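Colleague: Residues 1 to 65 (UniProt numbering) are what the sequence shown spells out, left to right.
Note that CB positions come from ideal geometry on N, CA and C, so glycine has one too.
Values in this document were obtained by computation on a predicted structure and should not be read as measured data.
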Amino acid sequence: MGVISFTGVKVFSTTLARDRENMGENITKWLKENPNVEVVDRVVTQSSDKEFHCLTITLFYRAKS
């Protein structure tokens, strides 16, 4: 297993159902607005308690060569 190098991190996170539904569109929009980045890894995290459900998508990226 090799080491993945990255130069930046972008975090998308929400607890609101409406925002969770739109998260994919928000990520796509950010990627289109930043065509010079290459996503090299991602982490999806979900957590919840009795009242809230939180979804976080973390993108690790570097500048395209």
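Could you spell out the range, first to last residue, of the beta strand (DSSP E) harbouring residue 38?
Modeller: For the purposes of this step, residue 38 is taken as the residue at position 38 of the sequence shown. Run containing residue 38: 37-48, per the beta strand (DSSP E) assignment.
Colleague: Quick test of your reading: residue 38 and residue 62, contact by CB under 8 Å. State the CB separation rounded to the nearest angstrom.
Modeller: Here residue 38 refers to the residue found at position 38 when the sequence shown is read from its first residue. Here residue 62 refers to the residue found at position 62 when the sequence shown is read from its first residue. About 6 Å; that satisfies the 8 Å criterion.
Colleague: Name the one or two DSSP bridge partners that residue 9 has.
Modeller: Taking the first residue of the sequence shown as position 1, residue 9 is located at position 9. Residue 9 pairs with 60.
Colleague: Would you call the segment 25-32 and the segment 47-55 touching, i.e. three or more CB-CB distances under 8 Å?
Modeller: No: fewer than three Cβ pairs fall under 8 Å.
Colleague: Taking the alpha-carbon positions, what's the residue 13 to residue 60 distance?
Modeller: Within the sequence shown, residue 13 is the residue found at index 13, counting from 1. Within the sequence shown, residue 60 is the residue found at index 60, counting from 1. Cα to Cα, the separation comes out at about 14 Å.
Colleague: In this structure, what does DSSP give as the bridge partners for residue 14?
Modeller: In the sequence shown, residue 14 corresponds to position 14, counting from 1. DSSP, once it has assigned bridges, lists 55 as partnering residue 14.
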